[in-house]
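Participant:
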Amino acid sequence: MTDEEDKIQAANAQLSRVKLSLRGKKLYVKGTLPPKPGEYKARQREIPTNCNASPSQIKIALALAKKN
Numbered sequence: 036m037t038d039e040e041d042k043i044q045a046a047n048a049q050l051s052r053v054k055l056s057l058r059g060k061k062l063y064v065k066g067t068l069p070p071k072p073g074e075y076k077a078r079q080r081e082i083p084t085n086c087n088a089s090p091s092q093i094k095i096a097l098a099l100a101k102k103n
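Under the numbering used here, the sequence shown has 91 at position 56, and the numbering climbs by one with no breaks.
What follows is the structure in structure tokens.
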């Protein structure tokens, strides 16, 4: 495991309803979210954070995940 993956796992330990995921070198918030207008049930979605997988950016993505 790389250092970034370890930091993402540590950040995910602080989250309960959503998780940070890594696609390429970008971070996403992944979780079951309420339905969009016109849909009738909740679905699992990935929201881009526009953050890279660097230690400082992981902290920013963690703050975004806690906010949602």
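The C-beta atom is built at its ideal place from N, Cα and C for all residues, glycine as well.
Count the other C-beta atoms from every protein chain shown that fall within 10 angstroms of the C-beta of Y63, then say buried if there are 16 or more, exposed otherwise.
Facilitator: Locating residue 63 in the sequence shown gives position 28, counting from the first residue. Burial of Y63 is indicated by the presence of at least 16 other C-beta atoms within 10 angstroms of its C-beta.
Participant: Given a threshold of 16 other Cβ atoms within 10 Å of its Cβ, counted over all protein chains shown, does G73 qualify as buried or as exposed?
Facilitator: Locating residue 73 in the sequence shown gives position 38, where the first residue counts as 1. With fewer than 16 other Cβ atoms within 10 Å, it is exposed.
Participant: Per DSSP, what are the beta-bridge partners of Y63 in this structure?
Facilitator: Counted from its first residue, the sequence shown places residue 63 at position 28. Partner(s): S56 and P83.
Participant: Buried or exposed, going by whether 16 or more other CB atoms sit within 10 Å of the CB of G66?
Facilitator: Along the sequence shown, one-based indexing puts residue 66 at 31. Buried is the call here.
Participant: For L68, does the three-state DSSP call read helix, strand or coil?
Facilitator: For the purposes of this step, residue 68 is taken as the residue at position 33 of the sequence shown. In the structure shown, L68 sits in a strand (DSSP, three-state: E or B).
Participant: Taking only the alpha-carbon atoms, compute the straight-line gap between N87 and I43 and give it to the nearest angstrom.
Facilitator: Within the sequence shown, residue 87 is the residue found at index 52, counting from 1. Within the sequence shown, residue 43 is the residue found at index 8, counting from 1. If you take the alpha carbons of N87 and I43, they lie about 12 Å apart.
Participant: What's the C-alpha gap between Q92 and T84?
Facilitator: Residue 92 sits at position 57 when you count from the first residue of the sequence shown. Residue 84 sits at position 49 when you count from the first residue of the sequence shown. Whole-angstrom Cα-Cα distance: 9 Å.
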